[in-house]
Every structure is written in C-alpha cells, then in structure tokens.
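Chemist: Okay, here's the structure, questions in a sec.
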Amino acid sequence: MRLIILGVPGAGKGTQAKILSEKFGIPHVSTGDIFRSNIKNGTPLGIKVKEYLNSGKLVPDSLTCEIVGDRLAQNDCKDGFLLDGFPRTIPQAEYLDETLKEMGVSLSAVLNLHVPDEKIIKRLTGRRVCPKCGKSYHLLYNPPASDNSCSDCGTTVIQRDDDKEETVLERLKTYHEQTEPLIRYYFEKGLLITAIGQEEIEDTTQAVLEALKNVD
Ligand code: AP5
Ligand code: MG
Ligand code: ZN
C-alpha cells in the first residue's frame, strides 16, 4: 500500500499513521519527524530547517523533496509506505508524481483526515511527544504514564517547540494557504478518500479503516 495522509496540523495524522504503519507493515515516513530528529542532533539539515519549524512556515520545496526522494529510495519503501506531512504544496505533489513514475509505482490512495480548526488549539497545546519513538500523547485525551514516560519505549515525553498557541495559528494559516489545494489536486486524480477525525483516537482509527477498506 502506498498512502498519503493529509490534514491540518494536529488532525491526528501522526497518531493514525503510527497505527496504520504497524497494521499494514509499511514504513511511516514523516517529514516533520525527520526534520525534528535532525534539529535534535544538530545536523547541517537540522540547522537549516530549525527556523522554519519554529515559526510555523514551510521548509523550502527543494530541500524537502530531496529528503523525501532519498527516503523513498531506501529498501524498506520498495513495497509500500505511508507519507505523513508530505506533500504539503503542489510542487511537492508534482515531484512525488515524478518520483513514483521513475520507481514504476503509483499511489493507492490519499487519505484526508478532516478535523475543524476550532478543535486544533486544544489538541496541540496539550500534546506531548516521545522524542525517541515519536509516539504522540495528550494530557487530557491520551495521557502518558504518571511519570511522563512513553508506554512504548519508556522515554520521558516532551512538548514540541512549535506547539505554542501563536505558532499553532501560523501553522493553520500555512496549511490553508499552501496545503489545502492538494485536496482538490488528489480529488481530480480520483485518489482522495476522506475520514472524519473523531473525539476519540480509537473511533478515528475505525473511521480511517472504514475509509480504507477497499484500498490495497
Ligand atoms: P509536522 O510534524 O508534519 O506537523 P503538522 O502537520 O503541524 O502536524 P502535527 O504533527 O502537529 O499533527 P498531527 O496531525 O500529526 O497530529 P498528532 O497525531 O500528533 O510538520 C512540522 C513542521 O515541519 C511544519 O510546520 C514545517 O515547518 C515542517 N515540514 C514538515 N513537512 C514539510 C513539508 N512537506 N514541506 C515543508 N515543510 C515541512 O495529534 C495531535 C494531538 O492530538 C496529540 O496530542 C494527540 O494525542 C491528540 N489526538 C490525536 N487524535 C485525537 C483524537 N481523535 N481525539 C483527541 N485527541 C487526539
Ligand atoms: Mg505529526
Ligand atoms: Zn517512545
């Protein structure tokens, strides 16, 4: 399965992608996670992208596309992948089309995980993430253990630098201006599938699996 998951910041892309990637046995490729791990490790890429992430702006297409191209060329992506946070602009989508064409493969579907903007601020300001395995938690909806450790790997969870209210508003604006046009782009290609994000993570997973039931 070759899948893209689209949605506003905080829609639950990462949460669902992690579940789907385990269920379908395909790698979860998140450009946001790749950038954050490079920032954490102080790599040249991390130094280049830090300001963009912290201000809620997009990393330039050329740099982002190069990273994704390298990632998709790795062996584990040969039989499928789940892209989370890429593409985010029309040029990125066109780059992906070209790359997949060169690989001789095509997308199975594009899942649009819909959540209204009003719900996002609360979700993102309460989010905590595991810096090691990337699992997302929420102080109210999906709390980590009482010692703040990740249930999967035991690492202490942290708050993301871009989850301050001011940056969240900027990320939503960036999404509506630059990423939302992809919904039409993939609709016109006949690839778009929509699932409505629910109040509970498990209910969202049910909605997502229902939406994907005829996709292989
Ligand atoms: P990225 O890391 O992709 O961030 P994002 O799109 O803003 O999305 P998030 O990771 O914040 O949200 P999510 O949808 O994954 O939600 P989650 O599952 O965590 O990108 C970060 C930055 O990197 C960008 O701003 C940009 O600078 C750069 N970047 C990345 N890709 C790029 C690209 N292609 N081009 C250019 N720049 C790029 O859930 C959110 C919270 O809600 C969690 O706390 C979770 O526990 C909770 N939650 C989840 N589901 C539910 C539910 N159903 N009910 C209640 N709570 C829930
Ligand atoms: Mg995410
Ligand atoms: Zn973890």
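Residue numbering for the sequence shown follows the numbering used here, starting at 10 and increasing by one per position.
Note that CB positions come from ideal geometry on N, CA and C, so glycine has one too.
Going straight from the alpha carbon of Thr214 to that of Pro36, what length do you get?
Modeler: Along the sequence shown, one-based indexing puts residue 214 at 205. Along the sequence shown, one-based indexing puts residue 36 at 27. C-alpha separation (whole angstroms): 18 angstroms.
Chemist: For ligand 4, any of its heavy atoms closer than 6 angstroms to the Cβ of Gly16?
Modeler: Ligand 4 is not part of the structure shown, which contains ligand 1, ligand 2 and ligand 3 as its ligands.
Chemist: Less than 6 angstroms between the CB of Asp161 and some heavy atom of ligand 3, yes or no?
Modeler: As a position in the sequence shown, residue 161 is number 152, starting the count at 1. For ligand 3, at least one heavy atom lies less than 6 angstroms from the Cβ of Asp161.
Chemist: Ignore the nearest five residues each way along the sequence and tell me which others in Tyr184's own chain have a CB closer than 7 angstroms to its CB.
Modeler: By one-based count along the sequence shown, residue 184 stands at place 175. Hits under 7 angstroms: Val17, Pro18.
Chemist: Gly113: buried (16+ other C-beta within 10 angstroms of its C-beta) or exposed?
Modeler: Taking the first residue of the sequence shown as position 1, residue 113 is located at position 104. The residue in question, Gly113, is exposed, as its Cβ has fewer than 16 Cβ neighbours within 10 Å.
Chemist: Is Cys142 close to ligand 3? I mean its beta-carbon at under 6 angstroms from any heavy atom of the ligand.
Modeler: Position 133 of the sequence shown, counting from 1, holds the residue named residue 142. Yes, the Cβ of Cys142 comes within 6 angstroms of a heavy atom of ligand 3.
Chemist: Any heavy atom of ligand 3 closer than 6 angstroms to the CB of Thr165?
Modeler: By one-based count along the sequence shown, residue 165 stands at place 156. Flag unset: Cβ of Thr165 not near ligand 3.
Chemist: What are the uninterrupted segments assigned as alpha helix (DSSP H) that are 4 or more residues long and contained completely in the region 26-88, given in chain order?
Modeler: Entirely contained in the region 26-88, the alpha helix (DSSP H) runs reaching 4 residues are, in chain order, 40-49, 53-64, 70-81.
Chemist: Please confirm whether Ile48 and Leu120 have their CB atoms less than 7 angstroms apart.
Modeler: Taking the sequence shown and counting its residues from 1, one reaches residue 48 at position 39. Taking the sequence shown and counting its residues from 1, one reaches residue 120 at position 111. The answer is no: Cβ separation not under 7 angstroms.
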